[in-house]
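S.K.:
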Amino acid sequence: MKKFLEDAAVVANAPVTDTIWRLVCKAPQTAASALPGQFVNVLATGRRAFLRRPFGIAAADAGTGEVTVMYRLVGRGTADMAALRPGQDRISVEGPLGGGTFSIKPGKALLVGGGVGLAPLIFLAYKLDNPVVLIAGRTASETFWNEFFTAAAEKIYITTDDGSAGIRGFAAAAVPRILKENRIDRIAVCGPTAMMRTVAAAAAAAGIPCEVSMEKRMACGIGACLGCTFESGTDGKRYKVCADGPVFDSREVF
Ligand SMILES: Cc1cc2nc3c(=O)[nH]c(=O)nc-3n(C[C@H](O)[C@H](O)[C@H](O)COP(=O)(O)OP(=O)(O)OC[C@H]3O[C@@H](n4cnc5c(N)ncnc54)[C@H](O)[C@@H]3O)c2cc1C
Ligand code: FES
Numbered sequence: 001m002k003k004f005l006e007d008a009a010v011v012a013n014a015p016v017t018d019t020i021w022r023l024v025c026k027a028p029q030t031a032a033s034a035l036p037g038q039f040v041n042v043l044a045t046g047r048r049a050f051l052r053r054p055f056g057i058a059a060a061d062a063g064t065g066e067v068t069v070m071y072r073l074v075g076r077g078t079a080d081m082a083a084l085r086p087g088q089d090r091i092s093v094e095g096p097l098g099g100g101t102f103s104i105k106p107g108k109a110l111l112v113g114g115g116v117g118l119a120p121l122i123f124l125a126y127k128l129d130n131p132v133v134l135i136a137g138r139t140a141s142e143t144f145w146n147e148f149f150t151a152a153a154e155k156i157y158i159t160t161d162d163g164s165a166g167i168r169g170f171a172a173a174a175v176p177r178i179l180k181e182n183r184i185d186r187i188a189v190c191g192p193t194a195m196m197r198t199v200a201a202a203a204a205a206a207g208i209p210c211e212v213s214m215e216k217r218m219a220c221g222i223g224a225c226l227g228c229t230f231e232s233g234t235d236g237k238r239y240k241v242c243a244d245g246p247v248f249d250s251r252e253v254f
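Going by full-length UniProt numbering, the first residue of the sequence shown is number 1, and it counts up by one from there.
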């Protein structure tokens, strides 16, 4: 798949919560070709960090040429991004990256996400036909993602570890109930590894295909440095998250 390097104007960049920001930039070639599950490797132009950072594509609009990412402030690279001023600054965007993407097929999908793992699921939700969405957070304040899915989702379930919103408990515990209440043909999940592992197990128990989006620290992002490999739990084969994924059939991973 063709990838591009674009010097993108920052169109919007604002906090959604204390720690999660949303950035929109003009990267028309990436926007026109991106598929749900792919990511961009970005570098805030003229700032301190000199290595690119990977972020899942939360939206890509071929009409406007805009690409959106949702990012958690963790270190130098994301602090640089938060300093970018809409209408003035630019961000270097390499993308779309990733050879493994979420399946877009007829039938009803259940999307399960936690934390910034929900970002790439937003893009997927708008490419599917009214999916069911499960948003998992530790507490109520982490379930704000709701608003980004409402226009696309048929139904949104929420779980919180502490029971302060939605169903109390971890995401995987709610999956059997959701499968009972909805006719689900496949599951897509992105979030912490423990969440993906347990949701994949719940999907396997119900005989439903499941795709997971892996996250590993990355350097090159294009399959050259071998920095992001993992060994398949089934055949022992080594995969590169950046080039073979980040989306995999859950049976290849767990
Ligand atoms: C394919 C892919 C998609 C991603 N999509 C998103 C996304 O949509 N939104 C988002 O907020 N983040 C996403 N990430 C993670 C994001 O790339 C990192 O948070 C970011 O690179 C941190 O950069 P930084 O310079 O601010 O932090 P750094 O200074 O590099 O690191 C600060 C701290 O964060 C930890 N850290 C950094 N990167 C990671 C990582 N990948 N996994 C675990 N811990 C890490 C470091 O160990 C360190 O303690 C994605 C990562 C991958 C590989
Ligand atoms: S990040 Fe270099 S091979 Fe994946």
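For glycine and all other residues, C-beta sits at the position ideal for the given N, C-alpha and C.
Which runs of the beta strand (DSSP E), 3 residues or longer, sit entirely within the stretch 178-221?
M.R.: The stretch 178-221 contains these whole beta strand (DSSP E) runs: 186-190, 210-213.
S.K.: In chain order, what residues of the same chain have a beta carbon less than 6 Å from the beta carbon of D185, not counting five sequence neighbours either side?
M.R.: Walking along the sequence shown from the start, residue 185 turns up at place 185. Closer than 6 Å at the Cβ level, and outside the excluded window around D185, lie G107, K108.
S.K.: Report back the beta-carbon spacing between A27 and V93 to the nearest angstrom; my notes put them in contact at under 8 Å.
M.R.: The residue you call residue 27 lines up with position 27 of the sequence shown. The residue you call residue 93 lines up with position 93 of the sequence shown. Rounded, the Cβ-Cβ distance is 4 Å, consistent with contact.
S.K.: Would you please state the rounded distance, in angstroms, between the beta carbons of R72 and T19? I believe it to be under 8 Å.
M.R.: If you number the sequence shown from 1, residue 72 lands on position 72. If you number the sequence shown from 1, residue 19 lands on position 19. R72 to T19, Cβ: 6 Å. Contact.
S.K.: Give, in chain order, every unbroken run of the beta strand (DSSP E) that is at least 3 residues long and sits entirely within the stretch 87-167.
M.R.: Correct list: 90-97, 109-114, 132-137, 155-160.
S.K.: Sorry if obvious, but does the Cβ on P106 come closer than 7 Å to a heavy atom of ligand 1?
M.R.: Stepping through the sequence shown from its first residue, residue 106 is reached at position 106. Checking every heavy atom of ligand 1 against the Cβ of P106, none is found closer than 7 Å.
S.K.: Can at least three beta-carbon pairs, one atom from the stretch 95-105 and one from the stretch 1-15, be found at a separation below 8 Å?
M.R.: Yes: the two stretches touch, three or more of their Cβ pairs being nearer than 8 Å.
S.K.: Check whether the Cβ atoms of P246 and G100 lie closer than 8 Å to each other.
M.R.: In the sequence shown, residue 246 corresponds to position 246, counting from 1. In the sequence shown, residue 100 corresponds to position 100, counting from 1. Their beta carbons are under 8 Å apart, which means P246 touches G100 by this criterion.
S.K.: Please list the segments of the alpha helix (DSSP H) lying wholly inside the UniProt domain "FAD-binding FR-type" (3-103), counting only runs of 4 or more residues, in order along the chain.
M.R.: Counting only runs of 4 or more, we get 28-33, 76-82.
S.K.: Output the residues surrounding ligand 1, defined as those with a CB atom closer than 6 Å to any ligand heavy atom, in chain order.
M.R.: The answer, residue by residue, is F39, A49, R53, P54, F55, G56, V69, M70, Y71, R72, V74, G75, R76, G77, T78, V116, A119, E215, K216, R217, M218, P246.
S.K.: Give the range of the alpha helix (DSSP H) segment to which D244 is assigned.
M.R.: As a first step, residue 244 must be located in the sequence shown, where it is residue number 244. Taken as a continuous stretch (DSSP letters only), the alpha helix (DSSP H) holding D244 covers 241-244.
S.K.: Can you tell me where the alpha helix (DSSP H) with S250 in it begins and where it stops?
M.R.: Indexing the sequence shown from 1 puts residue 250 at position 250. Segment 250-253, the alpha helix (DSSP H) holding S250.
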